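Novice:
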Amino acid sequence: MKKKLNDLQCEIRKIQDGVDDYTREYLNKLEKIIEEYKNKLDSNKMDASDGGTLGFRRAILEDDNLANIDSLYNAAVAVDKFYSQECRDQLWEVNT
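Each number in this note's numbering comes from the position in the sequence shown (counting from 1) with 955 added on.
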């Protein structure tokens, strides 16, 4: 799970310099959310999935400019899919 979050964070950082101020601020907020989830993982306080997602895919789709960046969208989908399908009612593996 943490690897997927790191991958998404990496994709966000790759595009931050090439976007407008509004989009950059939006990406900064997403990065803060990613850090919060990583901290929850590190402290074993992350809730198991009930089949839902963390909402990163939707967050990317809300901005047309971001939705057109395939690598960013794919990283967001990977996080949500992993959480939804692989993290149901199980102990967290921080390094996954």
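The C-beta atom is built at its ideal place from N, Cα and C for all residues, glycine as well.
Treat the numbers as computed from the prediction; the structure is a model and nothing was measured.
Taking its Cβ as the centre, do 16 or more other Cβ atoms sit within 10 Å of L1009, making it buried, or is it exposed?
Specialist: Sequence index remark: in the sequence shown, residue 1009 carries index 54 (1-based). Looking at its Cβ environment, which holds 16 or more other Cβ atoms inside 10 Å, L1009 is buried.
Novice: Please check the pair I967 and L1027, which I expect to be a contact at CB under 8 Å, by giving their CB distance rounded to whole angstroms.
Specialist: Residue 967 sits at position 12 when you count from the first residue of the sequence shown. Residue 1027 sits at position 72 when you count from the first residue of the sequence shown. With a Cβ gap of about 7 Å, I967 and L1027 count as contacting.
Novice: Would L1016 be called buried (16 or more neighbouring beta carbons within 10 Å of its own) or exposed?
Specialist: Translated into positions along the sequence shown, residue 1016 becomes position 61. Counting Cβ neighbours within 10 Å, L1016 comes out exposed, since fewer than 16 surround it.
Novice: Can you list, in chain order, the residues of its chain with a C-beta nearer than 6 Å to that of A1033? Leave out the 5 residues immediately preceding and following it.
Specialist: Numbered from its first residue, the sequence shown carries residue 1033 at position 78. Taken in chain order, the residues that qualify are K959.
Novice: Comparing C-alpha positions only, which one of K1036, D1018 and E1041 sits nearest to D975?
Specialist: Translated into the one-based positions of the sequence shown, residue 975 becomes position 20. Answer by Cα proximity: D1018.
Novice: Between N1029 and the ligand SAH, is the CB less than 7 Å from at least one heavy atom?
Specialist: Ligands in the displayed structure: none, and consequently the ligand SAH is not present.
Novice: Using DSSP bridges, identify the partner residues of S1039.
Specialist: For the purposes of this step, residue 1039 is taken as residue 84 along the sequence shown, with counting starting at 1. Paired residues: none, contrary to the question.
Novice: Does the distance from the C-beta atom of E1003 to that of C1042 stay below 8 Å?
Specialist: Translated into the one-based positions of the sequence shown, residue 1003 becomes position 48. Translated into the one-based positions of the sequence shown, residue 1042 becomes position 87. Checking the sequence, you will find Ala at residue 1003 rather than Glu. For A1003 and C1042, yes; Cβs fall inside 8 Å.
Novice: For S1026, which of helix, strand or coil comes out of DSSP?
Specialist: For the purposes of this step, residue 1026 is taken as residue 71 along the sequence shown, with counting starting at 1. Three-state DSSP puts S1026 in a helix.
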